[in-house]
Amino acid sequence: MKRKKYEELLEPLEHELVAMARWAKTRGERICVLFEGRDTAGKGGTIKAISERINPRQCRTVALPRPGEVEAGQWYFQRYVQHLPAAGEIVLFDRSWYNRAGVERVMGFASDAEVTAFLHQAPIFERLLVDDGIRLFKYWLSCDQEHQEERFAERLEDPLKRWKLSPVDAAARSRYQDYTAAREAMFAATHTPHAPWTVVDFNDQKHGRLTLIRDLLDRLPDTVVPEQEIDWPDLPHKPLTEEFRMLEPIRPYLLPDE
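Those letters in the sequence shown? Residues 77 to 334, by this note's numbering.
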C-alpha cells in the first residue's frame, strides 16, 4: 500500500482513536491490548499508529526487557500486573506474558514444565482481569518468512534500524516452523471466549495496521462522548514576543544552502 493512500485511510481512524480515548477517560474504562507475532511483523509501527494522537499520560506502551534476577524468582505474571491499566488508561503491550509460550519455549529459556504451567494459568489469569472489568484484546501479527527475511535484511543494512536486531533474532530465523508449532499450541490453550486471539495478516504492514485498528475500534461499545467545551477568550492585547535577560536562545540549526 502506498504511503499517501495509507495516511488518507488512517486519518479518520485517528479521529476515532482520540474519541475512544476520551470515552475511556470519561467512563473510567481500562483497556489492555497485547501485541504478539512474528519478528518484524510490525508490532512497533502499529502501536505507534494507535498511540501517536492520544495523550501519552493516558496511553502507555509497555515493552519489558528480559527478567532480572529478582523477577526471575517471582510468580511469572507478577511483573506484568504492575503495568496493567488504571481507570481511564490504555496500555499497549509490545510483547507480553506470552513470551513464555513463544520465544522462551522455542529458544529454550523456559522448561517444558514452566511452559505447561503457563498455558494452564494464562486463561485463569486473564479471566480474573476480564471479570474485574479490564477490556483485554490479544492480537497476533502474522507474516510469511519471505517478508520477514526482507525486513531483517532492511534492518541489517539500515543503521537507523539495526538496533532492532539481536542475537536471538539471528538464531530464531531458522526456527520459523518451531514458532508456528508454539503459536498453535498457545492458541489451543489460551484462545478462550473471555480472551480470544485475533490474527491479522501483516504481509503488508500498512494494510495490517488499518485492519487491526478498525477491528479494535469495532469491538468497543459506542465511544461517542461530547468534547468538553473550553472557554477560550481573545487576548486582551497584541501577542507578545519572547524577551530574555539572562540567557539567549542558541544559534539556530544551519539549514542547507544558507
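Using N, Cα and C, we set each Cβ at its ideal position, and we do this for glycine too. All values reported here derive from a predicted model rather than from experimental measurement.
- Look at F185 here: in three-state DSSP terms it is coil, with no helix or strand label.
- Measuring C-alpha to C-alpha distances from V276 to each of K119, L93, S127 and R227 identifies K119 as the nearest.
- In the DSSP annotation of this structure, the continuous segment of the beta strand (DSSP E) that includes E112 starts and ends at R106 to G113.
- Residue range I210 to S218 is occupied by the beta strand (DSSP E) that includes K214.
- One Cα belongs to A229, the other to M322, and the distance between them is close to 51 angstroms.
- A distance below 8 angstroms between beta-carbons, with the five flanking residues on each side excluded, links F213 to the following residues of its chain, in chain order: I107, C108, V109, L110, T274, L292 and R295.
- Taken through DSSP and simplified to helix, strand or coil, V276 comes out as strand.
- Relative to the Cα of G164, the nearest Cα in the group G104, Q304, P199 and K240 belongs to G104.
- Taking all protein chains shown into account, R142 has fewer than 16 neighbouring C-beta atoms within 10 Å of its C-beta and is therefore exposed.
- Contact check for H270 against R203 passes: the beta carbons are separated by less than 7 angstroms.
- Per the C-alpha coordinates, the member of T268, D310 and K78 positioned closest to F201 is T268.
- The C-beta of D188 has fewer than 16 other C-beta atoms within 10 Å across all chains shown, which makes the residue exposed.
- The beta-bridge partner set that DSSP reports for I166 consists of I107 and C135.
- Burial is judged here by how many other beta carbons sit within 10 angstroms of a residue's own beta carbon; N175 has at least 16 and is buried.
- Each residue's CA atom was taken as its position, placing L288 and I166 some 16 angstroms apart.
- When D310, W151 and W216 are compared, the shortest CA-CA separation from R259 is found for W216.
- I289 carries a helical assignment under DSSP once its states are collapsed to helix, strand and coil.
- Per DSSP, reduced to three states, the secondary structure at K240 is helical.
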